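Protein sequences, first through last, are from chains V and L. Going by numbering that gives the first Met the number 0, the first residue of the first sequence is number 0, and it counts up by one from there. Going by numbering that gives the first Met the number 0, the first residue of the second sequence is number 0, and it counts up by one from there. Notes follow the structure.
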Amino acid sequence: MEKIPILRMGDLLLVTIQVDMHDRLAMTLQDDLTQRISETSARGVLIDISSLEMVDSFIGRMLANIAAMSRVLDAETVVVGMQPAVAITLVELGLSLPGIRTALNVDAGMELLRSSGNGN
Amino acid sequence: MATVASETVPLTTEPDVVSVRRIVREKTTKLGFSLVDQTKIVTAASELARNTLIYGGGGAMRMETLNGPRVGLRLTFEDNGPGIPNIELALRDGFTTGSGLGLGLGGAKRLVNEFSVDSRVGEGTKVVITRWK
């Protein structure tokens, strides 16, 4: 079955979404990530969506769900690399992704996760 | 106004929604839409394709290239599903009968230049969107 790989780096989990996700793949990622957070006691999740050419309400909801679920499991989620055209479209669609922390790129996202980790 | 090209894509399985995004992306790129406009119509198409599949029980999308005086892309999503009893309500943000966010129909409307819904309870739904270059 098709899956999006989840990499572990220290106490962080890294996900790079490089395929145009159909809905079931998005749901699988959500399930896999929560499972991995609990298995690895990860403190942060970084999701790179720089390859995504579109985020619709379903994918937006999946990102919001991951952020909420990881928070409940004591991990922070940062979504990085959103393309400007995607950001414009998302807001016009009516989705401003409340509750999701974002950063412009992977470096900034890692920084954000590390600094919030230190605060704990 | 002339339709210069038309093709129909079936919408019966989940991967068909991904195909719709890809086909619409390719066409808008070929027509020379700006990146933002491409993204808007692809996103609107994704929302409506999912509606056709999930709420309409499957159907099809017809894609037409319009030419003269303006260049545009018109997408028609049609199903023979249960229909929408209250379109005004369905267009309202946050309203959903399913498990979504309720942004699909109203959100898609905001992303295009022209939008129309024709739905008959028990017969089906037809949504037509147009984005001009």
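For each residue, glycine too, the CB sits at the ideal point set by N, CA and C. Small disclaimer: the values here were computed from a predicted structure and weren't measured.
Thr51(L) to Ala44(L) span [Cα, whole Å]
Residue 51(L) sits at position 52 when you count from the first residue of the second sequence. Residue 44(L) sits at position 45 when you count from the first residue of the second sequence. Roughly 10 Å between the two C-alpha positions.
- Task: Report the rounded CA-to-CA distance for Arg69(L) versus Glu6(L), giving the unit in angstroms.
- Result: For the purposes of this step, residue 69(L) is taken as residue 70 along the second sequence, with counting starting at 1. For the purposes of this step, residue 6(L) is taken as residue 7 along the second sequence, with counting starting at 1. Going from the Cα of Arg69(L) to the Cα of Glu6(L) covers about 20 Å.
Taking only the alpha-carbon atoms, compute the straight-line gap between Leu104(L) and Asp36(L) and give it to the nearest angstrom. Looking up residue 104(L) in the second sequence gives position 105. Looking up residue 36(L) in the second sequence gives position 37. Using only the alpha carbons, I get a separation of about 18 Å.
- Straight-line Cα distance separating Met53(V) from Val17(L): Locating residue 17(L) in the second sequence gives position 18, where the first residue counts as 1. Locating residue 53(V) in the first sequence gives position 54, where the first residue counts as 1. Rounded to whole angstroms, Val17(L) to Met53(V) spans 11 Å at the Cα level.
Where does Phe32(L) sit, in a helix, a strand or coil, going by DSSP? For the purposes of this step, residue 32(L) is identified with residue 33 of the second sequence, where counting begins at 1. Of the three classes helix, strand and coil, the one that applies to Phe32(L) here is coil, per DSSP.
Per-residue DSSP class, three states only, for Met68(V) = Here residue 68(V) is taken as the residue at index 69 of the first sequence, counted from 1. DSSP places Met68(V) in helix when its eight states are reduced to three.
**Request:** Kindly indicate the opening and closing residues of the alpha helix (DSSP H) around Arg109(L).
**Result:** Indexing the second sequence from 1 puts residue 109(L) at position 110. From DSSP, the alpha helix (DSSP H) with Arg109(L) extends over 103-109.
Among Thr64(L), Thr75(L), Lys125(L), the one whose alpha carbon lies nearest that of Lys29(L): Translated into positions along the second sequence, residue 29(L) becomes position 30. Taking only the C-alpha atoms, the option nearest Lys29(L) is Thr64(L).
Which of helix, strand or coil DSSP assigns to Met81(V)
Residue 81(V) sits at position 82 when you count from the first residue of the first sequence. Note: Met81(V) maps to coil in three-state DSSP.
Whole angstroms are fine: how far does the CA of Arg42(V) sit from the CA of Ser33(L)?
What you label residue 33(L) is simply residue 34 of the second sequence in a count that begins at 1. What you label residue 42(V) is simply residue 43 of the first sequence in a count that begins at 1. Taking the straight line from one Cα to the other gives about 40 Å.
field: Nearest neighbour of Gly57(L), chosen from Arg20(L), Lys125(L), Thr27(L) [CA to CA]
entry: Position 58 of the second sequence, counted from the first residue, corresponds to residue 57(L). Of Arg20(L), Lys125(L), Thr27(L), the residue nearest in Cα terms is Lys125(L).
Exercise. Identify whether Val126(L) lies in helix, strand or coil by the three-state DSSP scheme.
Key: By 1-based counting over the second sequence, the position of residue 126(L) is 127. Strand.
Under a CB-based cut-off of 8 Å, is Met27(V) close to chain L? For the purposes of this step, residue 27(V) is taken as the residue at position 28 of the first sequence. In the sequence as presented, Met is not what sits at residue 27(V); that position holds Thr. With 8 Å as the cut-off, Thr27(V) does not count as an interface residue toward chain L.
query: Going straight from the alpha carbon of Asp15(L) to that of Pro4(V), what length do you get?
result: Numbered from its first residue, the second sequence carries residue 15(L) at position 16. Numbered from its first residue, the first sequence carries residue 4(V) at position 5. Near 23 Å, if we compare the C-alpha coordinates of Pro4(V) and Asp15(L).
Does any CB atom of chain V fall closer than 8 Å to the CB of Val35(L)? On the second sequence, residue 35(L) is found 36 positions in, with the first residue counted as 1. Closer than 8 Å: yes.
request  = Could you tell me the boundaries of the alpha helix (DSSP H) in which Thr33(V) lies?
outcome  = The sequence position of residue 33(V) within the first sequence is 34, counting from 1. 22-39 is the span of the alpha helix (DSSP H), which, as asked, contains Thr33(V).
Cβ of Glu75(V) within 8 Å of Cβ of Ser115(V)? In the first sequence, counting from the first residue as 1, residue 75(V) sits at position 76. In the first sequence, counting from the first residue as 1, residue 115(V) sits at position 116. Yes, these two residues count as a Cβ contact at 8 Å.
Checklist line | Stretch pair the region 54-65 of chain V + the region 9-26 of chain V: three plus CB contacts closer than 8 Å | finding: yes
*Determine the direct distance from the alpha carbon of Val120(L) to that of Asn85(L), and round the result to whole angstroms.*
Within the second sequence, residue 85(L) is the residue found at index 86, counting from 1. Within the second sequence, residue 120(L) is the residue found at index 121, counting from 1. For Asn85(L) and Val120(L), the distance between alpha carbons rounds to 9 Å.
Keeping to the same chain, check which residues put their C-beta closer than 6 Å to that of Met8(V); ignore five residues upstream and five downstream. As a first step, residue 8(V) is located in the first sequence; it is residue number 9 there, counting from the start. For Met8(V), where only same-chain residues beyond five positions count, there are no Cβ hits under 6 Å.
* Through-space distance from Gly106(L) to Leu92(V), alpha-carbon basis -> By one-based count along the first sequence, residue 92(V) stands at place 93. By one-based count along the second sequence, residue 106(L) stands at place 107. Near 4 Å, if we compare the C-alpha coordinates of Gly106(L) and Leu92(V).
Listed in chain order, which residues of the region 49-61 of chain V have Cβ atoms closer than 8 Å to some Cβ of chain L?
Glu52, Met53, Val54, Asp55, Ser56, Phe57, Gly59, Arg60
Closest to Ile83(L) by CA distance: which of Ile53(L), Leu72(L), Arg109(L), Gly67(L) is it? As a working note, residue 83(L) is residue 84 in the second sequence. Closest by alpha carbon: Ile53(L).
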